[in-house]
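Read left to right, the sequence shown gives residues 1062 to 1223 (my numbering).
Here the structure is laid out as structure tokens; the discussion comes afterwards.
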Amino acid sequence: MATLHFICGKAGAGKTTLALELGRTLPAVVFVEDAWIDTLGFEITSLQDFSVAAGKVRKLIGPLAGDLLRLGVNVVFDFAGNTRKGRRWVRDIFEPAGADHVLHVIEATDAQCLANIHRRNEEKPPGIYAGYVSDETFHAVTAHFLPPQEDEGFRVRVYGRE
């Protein structure tokens, strides 16, 4: 049975790194939302811009991911795990496809995430760096972050617990 893997973690927690590793080891088709947004040429200057771009990208990715799952192909989303709304959207993909799921949760402190963001901003590693992220942007995005709750009923794998 195909499985849809998706990731929950603050900015800078290592979501893209984990998604790419899952893609190599499972194997699976990996969808990196930031790469789609960049490739399609969306200009992101605010959280509202990102929200609009992400909504359009998800309209493309969702049906494609559902088709892949129905064909027995594992899929990894490097997005959609950080809010209840995002997680509901993922459920609406894997359930109709008759696929399994795993929600990968990366636990990291704000300090760890900010250190990773600062390093990423400086080094700009290919495949990981999607543009400069300020401390202010980190805090604005983190305000919307909600780890999965038990009542959501996801199969969860946790990383980074001390």
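Backbone N, C-alpha and C define an ideal beta-carbon position, used for all residues, glycine too.
From Leu1065, Gly1075, Ala1063, residue whose alpha carbon lies closest to that of tyrosine 1220 = Taking the sequence shown and counting its residues from 1, the one referred to as residue 1220 is at position 159. Residue Gly1075 holds the alpha-carbon nearest to the alpha-carbon of tyrosine 1220 among Leu1065, Gly1075, Ala1063.
key: C-beta atoms of histidine 1162 and leucine 1065 nearer than 7 Å   = Within the sequence shown, numbered from 1, the residue matching residue 1162 stands at position 101. Within the sequence shown, numbered from 1, the residue matching residue 1065 stands at position 4. Cβ distance < 7 Å, so histidine 1162 and leucine 1065 count as in contact.
request  = Check each candidate in Ile1189, Arg1216, Thr1198 and name the one with the smallest Cα separation from aspartate 1099.
outcome  = Here residue 1099 corresponds to residue number 38 of the sequence shown, with the count starting at 1. Per the Cα distances, Ile1189.
ask   = Does the stretch 1144–1162 touch the stretch 1200–1219, meaning 3 or more C-beta pairs lie closer than 8 Å?
value = yes
message = Can you tell me which residues form a DSSP beta bridge with alanine 1063?
response = For the purposes of this step, residue 1063 is taken as residue 2 along the sequence shown, with counting starting at 1. In DSSP, alanine 1063 forms no bridge with anything.
ask   = Nearest CA to the CA of aspartate 1095: which residue from Thr1106, Gly1084, Val1118?
value = Looking up residue 1095 in the sequence shown gives position 34. When only C-alpha atoms are compared, the closest one is Val1118.
key: Start-to-end residues for the alpha helix (DSSP H) that takes in aspartate 1153   = Position 92 of the sequence shown, counted from the first residue, corresponds to residue 1153. Note, aspartate 1153: alpha helix (DSSP H), 1145–1155.
task = Return the bridge partner residues of aspartate 1212 from the DSSP annotation.
result = Taking the first residue of the sequence shown as 1, we reach residue 1212 at position 151. Looking at the DSSP assignment, aspartate 1212 forms no beta bridge with any residue, so it has no partner.
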